[in-house]
Structures are given as structure tokens and as C-alpha cells.
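Chains as they are written, first to last, in my numbering: chain A, 1 to 401; chain B, 402 to 802.
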């Protein structure tokens, strides 16, 4: 295909579906598997773009939903687009806003027209149709834009995993528990396909922005297969797996991702939306997924939660009061390399000082980017045993490792 | 004198008492006139030490009061001292904590023993005596430490100027309005002198840390003169002018500073504590003051207040919604140089995003450091007319300019 987004696979794993590649965009390339930090409101909270780039992040995500409401997508367009606005000159992806409209707002109606909701900024009634979702993203101007999808929650109520991963979702999930899951998911699959047709037709900047379609289908294999078949009717530069981590256990997530990824075209990047912890990412990469976004490194970082290869730390805890060591030994992030101690970070969090969030966000982002670096090496070199030993949190239990 | 702090005057102004110099400390040198950013709790809020240094700041201030309460001065000592703790390897000055104990806490008693107050962290009763103030600063380990002084407020109630400069003080000032000012200030002068004797005796690290004495005396010339005479009985590496900007107008501040600075030894740095706006600094420098600290650039920066050479901006205002220009044209700070627009900063402040505070704090600190750079050049070159034209906010009305 022609178009602004090109994917090249460089290496394939011999023992899994994992691959290493490059995605070229109008604002440069990024290596895959790729982890995208989340810059909801056109800023990775508290960090200068240069600091984000220094963590090894090559592409970031912005939320169309938030920017549409404030400062407004037309305002961002008039400021030169989101790259110019936030001074990030590398690749940017925006989500369509469907997930936020559903999870964050009072929904008035979810119909074939789109999602009608009240703005969290000023209470205004807003209709997010497929056409409007594309117009918003055409105005914002990122390199990769996402189709509007109908992303229904799990009707089983939230798993413990999802309570951690997406606490804002848990209450909504509990409300909906017990509804007709299969019927609602089937409806979402059909609607997502109809909406993709409309998104493709509405896309006014196809020579500058690549549109990714999104597969739905919940945890139901037949529905996932049907959704893949429908979505891949359109020859798009990439395909996303949506509707994952909306209530399920890690095992359910891994199963759904594995079967869905296997059905998607080999020569297009596969993007697993909104996931997750290290073990989720590693399992998905071994199933052939290439792109990820998640708020965990930055959101946990703001709440004194530090990631390490052996597990998570809560830096407010008393045990760190006299700990002069770095967040993680042998870490090359600016916080660890710069000599900022656990004791200092604990002090900053207890004193309510912003710099704690800054330092720990930088560490956590670097943690996720090092995971990507190391997994790319593991794929290239078929060195999974060494990888599994170096990353206990990845939870890989391989024969012989 | 021998000791860890040395002051060298390089150039003197021919038309005012201003001078350019260098202060050498155990952690390097800083040029004077010097502006010290305030890092209350061992962090300049939201900024990496490297970013602070990049604004041209060579010495910073920490508050002994806050660090004594949390994480505790002994804890900082055990972490290797405040330089190691916060990873700032340049010169550091700490204040004694007297001003904070007085302005921020419920005072139970201010007696010759010291200041008894309740901790703002946990309500614990604390006695800050001259000996304890020095012990705290010996533990923290900065290059320059300050004597404990008795700093009474103006009894006239707060001026509009001080309402802006130190809003936290205004309520306290209003409560005390109408008390016997002259008697209270005279008492403070005598007590400050007695306390300095005790501070000098208590100083256990005189070979590593320089102790500055503090002149009191309110707006009463005779009392200032008496205080200078008492304080300079001790041969100290520097002298501070305290008790300024505790209620007075800019004119009163300027008069007090001018007469007091003129009485202090020529060959020691003079430090005006807690002041202030650009015009206050410029007037003081022309009276022979060498060092300043103030929270204005960082506190205003966190509240969307930007400093420019022609006046202050409130970046939340609607007028900046579509303003693609930098905070200030021709500014070389990372925010302006990096292309972050007023419209983007407005967006960040309206969205409650930390990066707004970070960018504007960096701009404002650079603004104050450029003021210092330019005023040093004006002193060296006797170029005050050009300086006055380049810095309208300095409020200099010179013959011929």
C-alpha cells in the first residue's frame, strides 16, 4: 500500500510470533515492539518533551477526547497541530475518544450515530460520531489516528487485575455486571465495523495521517474472528486490538490477544490498546503484537509507585526512610544515574513535592523502554532464557530457563 | 579572615554603591550580585537540579525550618548532607528557620531562650534556640548558614506591596497592627545581638560553613545603626539585612536597605533576605547589596504568573488563548527558546498540568538571572542608561536616561 505509514519487519522470533520492526511516519520512525507514553492533554505530566525522548520513547499518545474538549481540536489545528503545540517532533498517535467518552462521562446515548455524552470540562452535550472522531483527529494532526469503536466492558465485573490497571473503570464495570454480555459484544462488533466504513470515508488527510482500525469481540473467539474479518476488509496501515483489559484476568487477556493477533495481517503493525503490566506486554509481544500504550508508568510514578525488574516499590513506605540506594540498582534512568536516593524520593512524596512525580515518572518510563529494548534483543538473538532471567516481572516460565 | 567563605570585589560602580564580585565557597563560586532560587524542602519545586543550573543559578537556598521538621536535620546529615541529598553540588545557603517559625506556626512563646512553636507537620512542640538553629544547619551541611534572629513584623499592618510579595504574612501582620512597634523592634535588635553571640559559640563546623549575622532594626535608622554596630562586633564572612519586606512600602524598603547597607563592611557580602521584585533588587544593588533570595519567580510561576522586562503576565487570561508567541520575545530560557507558546502554557494551566508550572518557573528564574547578568554588566561598564532602557520593570529613572 502507499500512504504515510510504513511497517518493516526486520527479525522474527523462531519460537514465538514475536517480531522486531520499524514503523515509518511523517515525523520519523519508531522501533517495534514499541511502548508509547500517554500524554493525555498534550503533555506527559510534568515532563519536558526532551526528558521523555531521553527515556528512549520514540512515539507518544495523546487523547483526542481531552484535547477536543480543551483547548479544542480547531484551536490545536490553528496553533499548527499537536506536534507544534506541545513541541514533540517525533511520531504521535491519538486515540479516537470513544473509550474516554464511555468511561469518563455521563453517557446519554450510545447509538449507531455515535456516543452522546456530557463534557467533563463544562457539561456541554457532545455527539462523538465516527465522522466527528476523524475530524477531531484530522484537526489535531498526529501521524496515526484511530477509528471510533464501540468498546463494551466485560459484564463479569472487574477482575483484580483490572482494578489495578484501570481503577477508574472498576465502578462502571460493577454497575454493568450481569448484563447480556454476548449480545452486547456482538452488537459492538457489528457497530464497530459500520463505524470503520464511515471513518475511512471521512478521513480527509489520508496522505498525511495513517488510520488504524480496531478489532472488538470481547473474550469470545468467534466474535473476535468475525471482527478481524470485517475490519481487515479495509486495507489500513495498522490494526489495533481493542476491548481488552476492560474487566478480564491476565489469562483471559493473553488468550484473547493471542488468538486475535494471529488472525491479523503479518505485514501490518498490531497495536494492543491500553495494556498493561510487563507480563501482559511480554505475552502480547510473543503473540505478535507490536505497539502498546499505558498510563501505568506515569500514573504510578505520580503516586510513588516505582517499577523494577523484580517487582513494584511503594516509595512512601517507611522502609525507604534511610535507604541511600537508587530506585533500582544498575538502572540508567536520569533519577538512578543522577544519584537521587530512595530516601530523597520518599521525602519528596511525603512533602507533596512535584519533583518526586517527575523523577519517578522518568524512571518508570525508562523501565518500560528498557523492557522494549531488551525484548527486541531477545527476539533478534533468540535469547529468551537470558531475557526471562533479567526480567523476573515478565513472568516468563520457559522450558530450560 | 580565614574560613570557608571568601568575597572578592572585582568592579565598583562610579555612580552608586553597586559592586560586582565573587563569593568562593566549599562547593564552588558564585558571581554577585546573586539571586538565589528558593528550594524550601530541598527541591526547587518541580525542577531537576540541572534545569535550575541551566537558568544561570549558581547558589540556592533551602529552609532549615522545613527540613528540620521533615525529613529531619539528622536524617539529612546521615544521608550525606543536603548537597548529596538533593543532588545540587553548587553552593547552598540555609536560613535559620526563625522567620518561618514566626510566620507559619502557632507561636507559643518568643523569649530569650528562642522561639517555641508547634510543628506544621505533626503538631509537636519545638524549641528553636540559637544553639539548635546552628545545630540544625550544621547537620544539614550547607556552605552558608544564618544566625537565628528575632524578626518582628511591621506594626503598621501590611502594605499593598507586601500583600503581593508575602501573602502568607498579611494575616499575621493585620493581627499585630497597632502594637508598640518601636519598643518591639528595639527589643528584637538587642535579642538578635545576644543570639548572635550564642550562634557563634555554638557553630561546630566553622571551617566548613560560613555563618552570616543578621541586622535588625525595622524602619528606624538609629536602631539599624545600633544593630549593625552590634552584629559587626563579630568578624563574619557575610552580613544580612533582615526584617525588611515585613510590612513596608517599596520606598520604605529602599530607604532602610540603603542606610543599612552603607553601614556594613565593604569587604563582606551583603545579603538582603526575602526580597523581592525587580525594582527592589535593583535599588538594593545600587545601595551595595550583593545577595538575594525570593520565592517570587517560582511561586508566581506555579500560579501562571510570568515575569517579563516590561511587566508581569497572567497566562490564564483569555487574551493568550490564540497567542503563538513565546512568554517573552528574545528570551533565551528553555521555554521561550524551545518554542512553547503562551497559548500552550495557558492550556497547561487551565488543564491543571504540572508542566505549566515547570516551564514558567524556568522562564521566571531565567528572568531573574538575566537581570543579575545585565546588572553586573551595567556595573562593570557604567552602562546604567542602557540597563534602564532594557529593563523597564526595574523602575530606574536616571538623569539622562
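Every residue, glycine too, gets a C-beta built ideally from N, C-alpha and C.
Output, in chain order, the set of chain B residues within a Cβ distance shorter than 8 Å of residue 341 of chain A.
-> 480 and 486
Complete runs of the alpha helix (DSSP H) confined to the region 96–130 of chain A [at least 4 residues] | 98–104
Can at least three beta-carbon pairs, one atom from the region 539–546 of chain B and one from the region 465–475 of chain B, be found at a separation below 8 Å?
-> yes
Go ahead and pull the three-state DSSP assignment for residue 663 of chain B.
-> helix
At 7 Å on the CB atoms, spell out the chain B contacts of residue 338 of chain A, in chain order.
-> 488
Which residues does DSSP pair with residue 146 of chain A in a beta bridge?
-> A/212
Identify the contact partners of residue 723 of chain B in chain A, using a Cβ-Cβ distance below 9 Å as the criterion.
-> 75, 78 and 79
Between the C-alpha atoms of residue 16 of chain A and residue 287 of chain A, what's the straight-line distance to the nearest angstrom?
-> 7 Å
Let me know the secondary structure DSSP gives residue 715 of chain B once reduced to three states.
-> strand
Shorter than 7 Å from the beta carbon of residue 7 of chain A to some beta carbon of chain B?
-> no
Opening and closing residue of the beta strand (DSSP E) in which residue 327 of chain A lies | Note, residue 327 of chain A: premise wrong, no beta strand (DSSP E); not H, not E.
Compare the Cα-Cα distances from residue 247 of chain A to each of A/381, A/39, A/160 and A/79 and report the closest residue.
-> A/160
Quick one: which chain B residues come within Cβ less than 8 Å of residue 45 of chain A?
-> 754, 755 and 756
Residue 430 of chain B: first and last residue of the uninterrupted beta strand (DSSP E) it sits in = 429–433
Just list the alpha helix (DSSP H) runs in the region 647–707 of chain B, keeping only unbroken ones of 4 residues or longer that don't cross its boundaries, in chain order.
-> 651–664, 679–687 and 697–703
Separation of residue 185 of chain A from residue 152 of chain A, as counted between CA atoms | 6 Å
For the region 705–712 of chain B against the region 429–437 of chain B, are there 3 or more C-beta pairs whose distance is under 8 Å?
-> no
Which residues mark the beginning and the end of the beta strand (DSSP E) in which residue 477 of chain B is found?
-> Segment 474–479 is the alpha helix (DSSP H) holding residue 477 of chain B; no beta strand (DSSP E) there.
Under 7 Å by beta carbon: chain B residues contacting residue 348 of chain A = 444
Just reading off the beta strand (DSSP E) that residue 752 of chain B is part of, what are its end residues?
-> Premise fails: residue 752 of chain B is in no beta strand (DSSP E) and is neither H nor E.
Work out the CA separation of residue 229 of chain A and residue 340 of chain A for me, nearest whole Å.
-> 51 Å
Starting from residue 420 of chain B, trace the alpha helix (DSSP H) both ways and give me its first and last residue.
-> That residue, residue 420 of chain B, is in no alpha helix (DSSP H); its beta strand (DSSP E) goes 420–426.
Chain A contact for residue 745 of chain B (CB, 7 Å cutoff) | yes
In the region 460–474 of chain B, which residues sit with their C-beta less than 7 Å from some C-beta in chain A, listed in chain order?
-> 471 and 472
What separation, rounded to the nearest whole angstrom, lies between the Cα atoms of residue 69 of chain A and residue 702 of chain B?
-> 25 Å
Identify the continuous beta strand (DSSP E) that holds residue 223 of chain A and give its terminal residues.
-> Looking at the DSSP string, residue 223 of chain A is not in any beta strand (DSSP E); the run it does join, the alpha helix (DSSP H), is 221–231.
Three CB pairs or more closer than 8 Å across the region 242–260 of chain A and the region 124–135 of chain A | no
Euclidean distance between Cα positions of residue 409 of chain B and residue 597 of chain B = 25 Å
For residue 40 of chain A, I'd like the list of residues in its chain whose CB is within less than 6 Å of its CB, leaving aside the five on either flank, ordered along the chain.
-> 63 and 66
Ends of the alpha helix (DSSP H) at residue 454 of chain B?
-> 450–455
For residue 61 of chain A, the first and last residue of its enclosing beta strand (DSSP E) = 60–63
Taking the alpha-carbon positions, what's the residue 355 of chain A to residue 446 of chain B distance?
-> 6 Å
Per DSSP, what kind of secondary structure is residue 642 of chain B in: helix, strand or coil?
-> strand
With distances taken from CA atoms, which of B/700, B/778 and B/723 is nearest residue 569 of chain B?
-> B/700
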